[in-house]
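One structure below.
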């Protein structure tokens, strides 16, 4: 298999936009191509993530639509849908296309638009990623899924609401250093603790926002990437799944798909958790970050909340997590999130992250979770 | 013939009458919630339909206060995962329990929730 590198990244401002998901992706892609110093004609394929286009924009077939807006209408395109992990799944398949020798330059990205519909509507569309026979008819929501994880984690390990709140405070602080973030405002522990319950024990400030945005990355084969000083190498990329039904999951206090994907990605990269200097992971809810830091092997099971409270995952801590502000503060345009996380890790490993730079970062990790914990992707990146 | 021994349609028809139906693997004895073709535990395809008691304990729960558009009128409402005494676990709405009495380990019993043509899984004390 051939080595693969990221040679260009682009991310729009996250927040509310008056442009479609296809337009937002294309804006990010223009920046990614400029960063890669390549013309659009160099792109041989587009792997694209978009989740609720069918619902919020009455738009299917979003792959060729995005390619057409970008101005590369004739390249092969495929739209990936693995709920919130869509563009990370797209990335993994694009890496395989280059590694297999099929293409030398592939564009990966995603776009999402949800703030054009009311919250009750977007909450319903996101719930389509849970089971339509067993779970949706009972009014399960995504905060509801992670509230069940939180309650199980609290019962098993004694994790507290204050420890979860510490994750929100930390990610909001990181977000103040990211000009692309949806929120650039510090919050206090008290703000989180006093916010209303959305799905007990999760409160409003434990939850990431609804977000419009786009992200894009340019992948290249070793021959194309080697002369480029700022290339960042893909060391490993793995996907794992778990049972769709909540009742079928073996232990609600863990995300088994994270543990399986992490093991495979570390093995591909020849790395272990202690080698990782910077992490962008899927903090759709504060408890999701705590459980992910455990599943990725950064902390022992049950120690994730304590580590967050102690500052181990803050910038300047033992292993900084979500220096971008994470989904919580940067925002979560679901189809674009995986690509945006990769863009942040590439920026960090290049040493170009400005005030939120993790000093001397050599190895980075991205983790993206889809829907009801049934999909997870983990990738590792490094400099030469 | 590859139609499973219990389909979603037949499960919810039984559930509507108050009967919870599981499937038991002839290979390893695993009790599962239908429909499944192969057993995820042992790989066998030897399911038999088994009646479930509907009795179990609450493994985790939440109170949904911000509901999807279709459920906004019901909010707030409690949902949870109940570990049945036969071994399988199942997600359902929890009714007739005051929110402050909800706790991991609480004993509950299956009760169908029927709204128009839609039957769903519910649990009550």
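Protein chains in written order, with the numbering used here: chain L, 342 to 725; chain S, 34 to 158. Even glycine gets a Cβ: it sits at the ideal position worked out from N, Cα and C.
The criterion of a C-beta distance shorter than 7 Å is not satisfied by residue 415(L) and residue 404(L). Taking a C-beta distance under 7 Å as the contact criterion, residue 701(L) and residue 426(L) do not qualify as a contact pair. Residue 55(S) and residue 79(S) do not touch by the CB rule: their CB atoms are close to 14 Å apart, not below 8 Å. Secondary structure of residue 358(L) (DSSP, three-state): coil. Taking a C-beta distance under 7 Å as the contact criterion, residue 538(L) and residue 98(S) qualify as a contact pair. Within the same chain, Cβ atoms closer than 6 Å to the Cβ of residue 144(S) are found at 155 and 157, the five residues on either side in sequence being excluded. Excluding sequence positions up to five before and after residue 707(L), its CB lies within less than 6 Å of the CB of 621, 682, 683, 686 and 720, all in the same chain and listed in chain order. Taking one beta carbon from each stretch, the region 385 to 399 of chain L and the region 425 to 443 of chain L have 3 or more pairs nearer than 8 Å; the two touch. In this structure, the beta-carbon distance from residue 599(L) to residue 633(L) falls below 7 Å. Judged by DSSP secondary structure, residue 632(L) falls within the alpha helix (DSSP H) whose first and last residues are 627 to 636.
Residue contact check for residue 463(L) against chain S: no CB pair falls below 7 Å. The residue among 512(L), 606(L) and 553(L) with its C-alpha nearest the C-alpha of residue 463(L) is 553(L).
The Cβ atoms of residue 515(L) and residue 381(L) lie no closer than 7 Å to each other.
Nearest C-alpha to residue 478(L) among 487(L), 488(L) and 466(L): 466(L). Where residue 110(S) is concerned, the enclosing beta strand (DSSP E) starts and stops at 110 to 117. Within 9 Å of the CB of residue 599(L), no CB atom of chain S is found; the nearest one sits about 18 Å away.
Residues of chain S whose Cβ lies closer than 8 Å to the Cβ of residue 443(L) do not exist, since the nearest Cβ in that chain is about 32 Å away. Beta-carbon to beta-carbon, residue 575(L) and residue 345(L) are separated by about 5 Å, close enough to satisfy the 8 Å threshold. Shown here, residue 702(L) sits in coil according to DSSP, grouped into three states, outside any helix or strand. At the C-beta level, residue 95(S) and residue 488(L) come within 7 Å of one another. Across the structure, residue 83(S) and residue 585(L) are spaced so that their CA atoms are roughly 22 Å apart. Not a single C-beta of chain S is nearer than 7 Å to the C-beta of residue 592(L). Judged by beta-carbon spacing, residue 399(L) lies beyond the 7 Å limit of residue 549(L), meaning their Cβ atoms are not closer than that value.
Excluding residues up to 5 positions away in sequence, 108 lie with their Cβ nearer than 6 Å to the Cβ of residue 100(S) in the same chain. Looking only at 690(L), 417(L), 356(L) and 636(L), the smallest Cα-Cα distance to residue 494(L) is reached by 636(L). Secondary structure at residue 143(S): strand, using DSSP grouped into helix, strand and coil. Non-local C-beta neighbours of residue 396(L) in its own chain, meaning closer than 7 Å and more than five positions away in sequence, comprise 466, ordered along the chain.
Secondary-structure assignment with DSSP links residue 420(L) through a beta bridge to 389(L). Against chain S, the beta carbon of residue 485(L) has neighbours under 8 Å at 95, 97 and 112, listed in chain order. DSSP, reduced to helix, strand and coil, places residue 366(L) within a helical segment of the structure shown. Counted as a single uninterrupted DSSP element, the beta strand (DSSP E) harbouring residue 54(S) occupies residues 53 to 58. For residue 480(L), there is no enclosing alpha helix (DSSP H), as DSSP marks it with neither H nor E. Here residue 90(S) really is in contact with residue 138(S); their C-beta atoms are around 5 Å apart, less than 8 Å. The residue among 551(L), 642(L), 713(L) and 541(L) with its C-alpha nearest the C-alpha of residue 670(L) is 551(L). For residue 470(L), the CB contacts under 6 Å within the same chain, skipping 5 residues up- and downstream, are 424 and 712 in chain order.
Note that the C-beta distance between residue 362(L) and residue 452(L) is below 7 Å.
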